[in-house]
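Engineer:
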Ligand SMILES: Nc1ncnc2c1ncn2[C@@H]1O[C@H](COP(=O)(O)OP(=O)(O)O)[C@@H](O)[C@H]1O
Ligand SMILES: [Mg+2]
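Residue numbers (this note's numbering), protein chains in the order written: chain A, 1 to 259; chain B, 260 to 586.
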């Protein structure tokens, strides 16, 4: 579990447009890394390139290297489907499968590839994943109800439960709280603090307090020039980034002077 | 389609004080013309039903047999006796067979267009499918007679030889194969484009976030389709199939041209002279029918009308039943 990610010289293109320019970084296991930066600077694009989700969009292309521990996820013999099994993702808008019950949502990933499991094992797994997502007590009496009937915050935790049910090494979260109310947001933040003991977590957030609260390391992205793609400006210890950043742009952004 | 509730005429109950807005003339005109068309459709529907019933009454009152349970069709002479049992059976059999053949193929083609084909090919295929849907059914009938009939004979022989132990494929195989299965295949080809077109539309509307949810869990494309696309498109596919069923039920020419009619109630798909559909019967007999025969045919038409109505209502019910899980 919990692997290190090593990125070197990563460029991501939409057709001819280079949305992410030459990003290199190391993401430590069992820690939370936050990506901040103004919108449109390629945070989502970059995040999706870390588990090859960008390939879902036609016309995308990647240059550079992404290592998961020692495994190059872009090597020719690596199946993107397998990569996504190892590196899970939680999206901005909660997206439980609307036709599935809460129970079926949690085991959706486990059921893939025709894997079969005895019912008792599945039950245990569902409970473990839902407890892991701090949702068990709220839904244990209605596991067979549709997942879409939950509140937004509960749905997002259900999506986290679904993602951790397949026991990934890394969990990528793209603004997981931006569609949620403050209480639900706090619940997710608590959850992230618990999850980092087991997983490598990367979270994109627009909320700087949130980045400061949940992460050990923060990476600040910015547009390299107006109309161009985004680049990594500075990355380091969250405390340092928020109190004493090296770059002027970073300081301007976190003090709210632009962005 | 068949809303039976009276049109709402009252204003929305008591607007909150101070927020009362004046209704604009454009809104009023549109609202009333929409309401008028709604009412008009119901009136026309009712008028057609009443008309059919009135026209059918003379034959029904002189009928010596039981209209609903008899299978023979002899609405002439001194003792006219006719019943729709075999015709209803034949109509449903042909339509359901067509649906069973067409739906899986249509879903496959629609999925290929919406989720597998490269974009260029997909739009080309979509265009072709839309074109096929516009071909008149006579053309499909001609195609059935001139092309399909000669080709399908050997295939039926094979079915009979290897699967003949299943009663539906029992011999003797008709030659030429003017059988219910041939008619159903022609019908299936006929309804294939419309079912495909509707299914494709529905599949294309699958929310990206659900497709991505599946892919992010490590689903292959087919698994993603099973987890996100098919559940989302389910009720749409049912509607599409019912649309196809409606067409197949009312189809006259293709069946009349291909099928050798009979009035039995059995499932021998490879034998000719066993089945007939209501629509084809009307098309074949109407031109030379006496007054009483016309009246009897109209009675049969009324039954077809009722079947179509029931099919549509069943479709609505199926679609609405799983609302809770799809909203
Ligand atoms: N599907 C796409 N096709 C083409 N360009 C895109 C697509 N998605 C995003 N972009 C572009 O890539 C850049 C980065 O977008 P994104 O990664 O969403 O930024 P962020 O998440 O930081 O707000 C933007 O300029 C955006 O317009
Ligand atoms: Mg984004």
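Cβ coordinates follow ideal geometry from the N, Cα and C atoms, glycine included. Quick caveat, the model's predicted, so the values are computed rather than measured.
Using a strict less-than 5 angstroms threshold between each residue's beta carbon and the heavy atoms of ligand 1, what residues do you get?
Structural biologist: This selection yields 14(A), 19(A), 39(A), 40(A), 41(A), 42(A), 43(A), 44(A), 45(A), 57(A).
Engineer: One question on the structure: do residue 19(A) and residue 90(A) come within less than 8 angstroms of each other, judged by their Cβ atoms?
Structural biologist: no
Engineer: Can you tell me whether residue 140(A) is helix, strand or coil according to DSSP?
Structural biologist: coil
Engineer: By DSSP, does residue 374(B) sit in helix, in strand, or in coil?
Structural biologist: DSSP places residue 374(B) in helix when its eight states are reduced to three.
Engineer: Taking 7 angstroms as the cut-off, is the C-beta of residue 204(A) nearer than that to any heavy atom in ligand 2?
Structural biologist: yes
Engineer: Can you list, in chain order, the residues of its chain with a C-beta nearer than 7 angstroms to that of residue 212(A)? Leave out the 5 residues immediately preceding and following it.
Structural biologist: 238, 242
Engineer: What residues from the segment 477-500 of chain B come within 8 angstroms of chain A, judged by C-beta to C-beta, listed N to C?
Structural biologist: Along the segment 477-500 of chain B, going in chain order, the ones with a CB nearer than 8 angstroms to a CB of chain A are 477, 478, 479, 482, 486, 487, 490, 491, 493.
Engineer: What residue range is occupied by the uninterrupted alpha helix (DSSP H) comprising residue 240(A)?
Structural biologist: 238-243
Engineer: Find out if the Cβ-Cβ distance for the pair residue 319(B), residue 310(B) is shorter than 8 angstroms.
Structural biologist: No. Outside cutoff.
Engineer: Please state the DSSP three-state secondary structure of residue 496(B).
Structural biologist: helix
Engineer: Give every residue of the same chain whose Cβ lies closer than 6 angstroms to the Cβ of residue 63(A), excluding the five residues on either side of it in the sequence, and list them in chain order.
Structural biologist: 11
Engineer: Which residues mark the beginning and the end of the beta strand (DSSP E) in which residue 171(A) is found?
Structural biologist: 170-174
Engineer: I believe residue 445(B) touches residue 407(B) by the beta-carbon criterion, under 8 angstroms. Please report the beta-carbon distance rounded to the nearest angstrom.
Structural biologist: 6 angstroms
Engineer: Would residue 94(A) and residue 161(A) qualify as a contact pair, given that the criterion is a beta-carbon distance under 8 angstroms?
Structural biologist: no
Engineer: Of all the options 285(B), 485(B), 475(B), which has the alpha carbon lying nearest to the alpha carbon of residue 50(A)?
Structural biologist: 475(B)
Engineer: When the Cα of residue 154(A) is compared with those of 144(A), 183(A), 167(A), which residue comes out closest?
Structural biologist: 183(A)
Engineer: Rounded to whole angstroms, what's the CA-CA distance from residue 551(B) to residue 510(B)? Just pull it up for me.
Structural biologist: 24 angstroms
Engineer: Would the segment 431-448 of chain B count as touching the segment 507-525 of chain B if we require 3 or more Cβ pairs under 8 angstroms?
Structural biologist: A contact is defined here as three or more CB-CB pairs under 8 angstroms, and the segment 431-448 of chain B meets this definition with respect to the segment 507-525 of chain B.
Engineer: Say the cut is 7 angstroms; is the CB of residue 471(B) nearer than that to a heavy atom of ligand 2?
Structural biologist: no
Engineer: Return helix, strand or coil for residue 216(A), following the three-state DSSP convention.
Structural biologist: coil
Engineer: Following a CB-centred definition, is residue 79(A) positioned closer than 7 angstroms to any heavy atom of ligand 2?
Structural biologist: no
Engineer: Exposed or buried, what is residue 478(B) when buried is set at 16 or more other beta-carbons lying within 10 Å of its beta-carbon?
Structural biologist: buried
Engineer: I'd like the list of long-range same chain contacts for residue 271(B), defined as Cβ closer than 8 angstroms, with 5 residues on each side in sequence excluded.
Structural biologist: Unreliable positioning characterises residue 271(B) in this predicted model, as indicated by a pLDDT of 48, which lies under 50. A coordinate reading is not provided.
Engineer: Buried or exposed, going by whether 16 or more other CB atoms sit within 10 Å of the CB of residue 84(A)?
Structural biologist: buried
Engineer: Using the C-alpha atoms, what's the distance from residue 565(B) back to residue 268(B)?
Structural biologist: In this prediction, residue 268(B) has a pLDDT of 45, which is less than 50 and means its spatial position is unreliable; nothing more can be read from the coordinates.
Engineer: Look up residue 103(A) in the DSSP assignment and say whether it is helix, strand or coil.
Structural biologist: helix
Engineer: Express the C-alpha separation of residue 146(A) and residue 583(B) in angstroms, rounding to a whole number.
Structural biologist: With a pLDDT of 46 at residue 583(B), under the threshold of 50, the predicted position of this residue should be treated as unreliable, though the coordinate-derived value follows. In this structure, the CA atom of residue 583(B) is about 8 angstroms from the CA atom of residue 146(A).
Engineer: How far does the alpha helix (DSSP H) with residue 151(A) in it extend, from its first residue to its last?
Structural biologist: Premise fails: residue 151(A) is in no alpha helix (DSSP H) and is neither H nor E.
Engineer: Report whether the distance from the Cβ of residue 174(A) to the nearest heavy atom of ligand 2 is below 7 angstroms.
Structural biologist: yes
Engineer: Beta-carbon within less than 7 angstroms of residue 352(B)'s beta-carbon, same chain only, minus the 5 sequence neighbours each way: which residues are those?
Structural biologist: 439, 534
Engineer: Out of 82(A), 209(A), 132(A), 221(A), which one is the CA nearest neighbour of residue 109(A)?
Structural biologist: The residue from 82(A), 209(A), 132(A), 221(A) with its alpha-carbon nearest to that of residue 109(A) is 82(A).
Engineer: Using C-beta distances below 8 angstroms, list every residue in its chain close to residue 530(B), excluding the 5 sequence neighbours before and after it, in chain order.
Structural biologist: 429, 430, 431, 432, 433, 438
Engineer: So what does DSSP say about residue 61(A), is it helix, strand or coil?
Structural biologist: strand
Engineer: Rounded to whole angstroms, how far is the Cβ of residue 222(A) from the Cβ of residue 231(A), which I believe are closer than 8 angstroms?
Structural biologist: Sure, about 7 angstroms apart at Cβ, within 8 angstroms.
Engineer: Considering only C-alpha positions, which residue in the set 347(B), 340(B), 333(B) is nearest to residue 524(B)?
Structural biologist: 347(B)
Engineer: Answer with buried or exposed for residue 266(B), where buried requires no fewer than 16 other C-beta atoms within 10 angstroms of its C-beta.
Structural biologist: With a pLDDT of 45 at residue 266(B), under the threshold of 50, the predicted position of this residue should be treated as unreliable, and no value is reported.
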